[in-house]
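Protein chains in written order, with my numbering: chain A, 238 to 527; chain B, 574 to 829.
Every residue, glycine too, gets a C-beta built ideally from N, C-alpha and C.
None of these values were measured; they are calculated from a predicted model.
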Amino acid sequence: MSEFITALTEYTFLQSALIAGLLASIGCGVMGTYVVVKRIAFIAGGIAHSVLGGMGAAVYYGYDPLIGALVAAIISALLIGWVRLQWRAQEDTLIGALWAIGMAIGILFISKTPGYQTDLMSFLFGNILLVPQSSLWFMATLDIALLAFVTAYHRQFLAVVFDEEFARLRGIPVTLFYLLLLVLVAVTVVLLIQVVGLILVLALLTLPAAVAGHYVHSIGRMMLLATLVGGIISVSGLALSYGPDLPAGPTIILLAGAIYVISALSTRAIYRRRARVAITSAKKDGSGNG
Amino acid sequence: MDKPQAIIDLQGVSFSYGATSVLEDVDLKVDEGEFIGIVGPNAGGKSTLLKLILGLLTPYSGHIQVLGRKPRRAQHLLGYVSQHPNFSKEFPITVGQLVLLGRMGSRPNKGWLSALIPGGYTKADHVATQRALAEVEAENLIDRQIGSLSGGQLQRVLLARALVANPSILILDEPTANIDQRLESDIFDLLKRLNLRMTILVVSHDIAFISSYVTRVACINRTLVCHHTDAIDGQVIQNLYGENVRMVAHHHYGYR
Numbered sequence: 238m239s240e241f242i243t244a245l246t247e248y249t250f251l252q253s254a255l256i257a258g259l260l261a262s263i264g265c266g267v268m269g270t271y272v273v274v275k276r277i278a279f280i281a282g283g284i285a286h287s288v289l290g291g292m293g294a295a296v297y298y299g300y301d302p303l304i305g306a307l308v309a310a311i312i313s314a315l316l317i318g319w320v321r322l323q324w325r326a327q328e329d330t331l332i333g334a335l336w337a338i339g340m341a342i343g344i345l346f347i348s349k350t351p352g353y354q355t356d357l358m359s360f361l362f363g364n365i366l367l368v369p370q371s372s373l374w375f376m377a378t379l380d381i382a383l384l385a386f387v388t389a390y391h392r393q394f395l396a397v398v399f400d401e402e403f404a405r406l407r408g409i410p411v412t413l414f415y416l417l418l419l420v421l422v423a424v425t426v427v428l429l430i431q432v433v434g435l436i437l438v439l440a441l442l443t444l445p446a447a448v449a450g451h452y453v454h455s456i457g458r459m460m461l462l463a464t465l466v467g468g469i470i471s472v473s474g475l476a477l478s479y480g481p482d483l484p485a486g487p488t489i490i491l492l493a494g495a496i497y498v499i500s501a502l503s504t505r506a507i508y509r510r511r512a513r514v515a516i517t518s519a520k521k522d523g524s525g526n527g
Numbered sequence: 574m575d576k577p578q579a580i581i582d583l584q585g586v587s588f589s590y591g592a593t594s595v596l597e598d599v600d601l602k603v604d605e606g607e608f609i610g611i612v613g614p615n616a617g618g619k620s621t622l623l624k625l626i627l628g629l630l631t632p633y634s635g636h637i638q639v640l641g642r643k644p645r646r647a648q649h650l651l652g653y654v655s656q657h658p659n660f661s662k663e664f665p666i667t668v669g670q671l672v673l674l675g676r677m678g679s680r681p682n683k684g685w686l687s688a689l690i691p692g693g694y695t696k697a698d699h700v701a702t703q704r705a706l707a708e709v710e711a712e713n714l715i716d717r718q719i720g721s722l723s724g725g726q727l728q729r730v731l732l733a734r735a736l737v738a739n740p741s742i743l744i745l746d747e748p749t750a751n752i753d754q755r756l757e758s759d760i761f762d763l764l765k766r767l768n769l770r771m772t773i774l775v776v777s778h779d780i781a782f783i784s785s786y787v788t789r790v791a792c793i794n795r796t797l798v799c800h801h802t803d804a805i806d807g808q809v810i811q812n813l814y815g816e817n818v819r820m821v822a823h824h825h826y827g828y829r
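The structure is reproduced here in structure tokens:
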């Protein structure tokens, strides 16, 4: 660990990686909370994977792959949102199809682009150590946009994720806010691609928020705690991977998975013990009321 | 007609889910201040009738007017408690936050744009939330997690969410289906009090129980079957359920 800290003061690429991890954790904390409570991890997965189509096309035509990713993410969020609202019965099949089709398009484009084969791996699994300065500004801009929308419309988003039917009765344009929510999830996916790549995005989008959900019981606090947990996981994942020269993305994901499992098991144990204590103390009182 | 105009007016309303006809040719008028019990067998179309009045569904044929307008234009003046909660009890939300959601879209003079106003709740929203929770005798629950509530407590909280925007009409779908019978009469006593200032429509499977509360009963089984010329006529219902039950008569005469 001390080796990592010394290296951090020396190498700007490590500093950039650290900042990228922290910027990404804002997105995964805020939007991940909505993904977890609305239970749309599968939809988020579909968006994340079909993004490869846009990245491949951008690379082929000589644009910045992140711009391609952003455009593709927004298109696939709207497409998937529309599928969900119109064809509810076949939702999972259609999202699964979009998921695979997007990836297939991306791989075709990349295979036809000379000299870009190595990039495929970093799109899929991320390469946080190669984040350029310009990407940091791009990520910071996306974070600010994300926070601005969520701050302005947190009531509407809560209404829509909590109870769509009731939100509709209160005159909230549910379709508009649902699609906006998916677009913001798509933006978050693009944020996270730099760090862990589009295949592993889903873990960072859901695990920190799910861990936060074990301990706090309001959306706002869940977002704060999830951001904190996400930040800790990505920084310590980076540090852990540095010494033995492991790829950072998978290390971060494994760490997130381990923390989630430990947290889930220990909260369940605490919950059970509380229940046992409550029952035994009720027995001692000898006063069941009915 | 010198009678006041009905605040809910259904004329020849039919509805079907795909090929399955759910409601056929329903005529129903509700006047201001009534307390209507809607009864009928399972899958008889009771909940569908409520959703048509709420503007959540559109009739296949026929006309519906609520408070003199199309149902969707009247939504902000309706309070609704659905039969099954549409959310998971694990959702991280407190009672206070849940009830506040009922204040969305209720600011005057903003029309539908009211739902697009960014930012947080106003002081008036918080005051209304406190008052609505006090009305259902659940003000002490305001900071509780919804997952920690009993069935009866949750039902009161959902009622508070329906009341918090001061509706003209309160619409409830089996409000006591998931709670024990002792609490059932508490809820209906509360509804009786609310009926002093708002019109109430309540779906129930238990005619015997609601008959002592409601002013009228409407029996729905694909259509309004409580009809003075039908086999199940008023006399039968009265013999079965006591004398407070009156019939919903089909208004064959003069809509105007």
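Buried versus exposed, by CB contacts within 10 Å (16 or more), residue i
i	result
A/S239	exposed
A/P445	buried
B/I773	buried
A/I507	exposed
B/P665	buried
A/P351	exposed
A/I516	exposed
B/P644	buried
B/Q726	buried
A/Y479	buried
A/K349	exposed
B/P632	buried
Nearest residue (CA-CA) to residue i, options the options
i	options	result
A/L322	A/E401, A/I311, A/A396	A/E401
A/P369	A/P302, A/V426, A/L419	A/P302
A/L357	A/I430, A/S371, A/L373	A/I430
B/V612	B/T749, B/I581, B/D779, B/L651	B/D779
A/A495	A/I470, A/R513, A/S478, A/K521	A/I470
B/Q728	B/K696, B/T695, B/Q703, B/L763	B/L763
A/I489	A/R276, A/G352, A/I284, A/F362	A/F362
B/S589	B/N615, B/L583, B/D598, B/D582	B/D598
B/S620	B/D600, B/S723, B/V654, B/F660	B/V654
A/E270	A/I456, A/F360, A/A326, A/Y497	Looking at the sequence itself, residue 270 of chain A is Thr, so the reference to Glu does not match. The residue with the shortest Cα to Cα distance from A/T270 is A/I456.
Cβ of residue i within 9 Å of any chain B Cβ
i	result
A/F403	yes
A/G266	no
A/L179	Nothing in the structure corresponds to residue 179 of chain A, since chain A is present only between 238 and 527.
A/H286	no
A/A326	no
A/Y390	yes
A/V453	yes
A/I456	yes
A/D482	no
A/M340	no
A/I409	yes
A/F399	yes
A/G450	yes
A/L406	yes
A/M292	no
Residues sharing a beta bridge with residue i, DSSP
i	result
B/G610	B/V775, B/V790
B/Y590	B/T593
B/D746	B/V776
B/R642	B/V639
B/L651	B/I742
Cβ-Cβ distance between residue i and residue j below 9 Å
i	j	result
B/A701	B/A738	yes
B/E747	B/Q656	yes
A/I332	A/I317	yes
A/M292	A/L421	no
A/T425	A/V273	no
A/F375	A/L417	no
B/I752	B/I744	no
B/A707	B/G652	no
A/L465	A/G266	yes
B/V668	B/V595	no
Closer than 9 Å to chain A by CB, residue i
i	result
B/N659	yes
B/L732	no
B/I666	yes
B/Y633	no
B/A750	no
B/H649	yes
B/M677	yes
B/L706	no
B/S620	no
B/L671	yes
Closer than 9 Å to chain D by CB, residue i
i	result
A/V274	This model lacks chain D altogether, as its protein chains are A and B.
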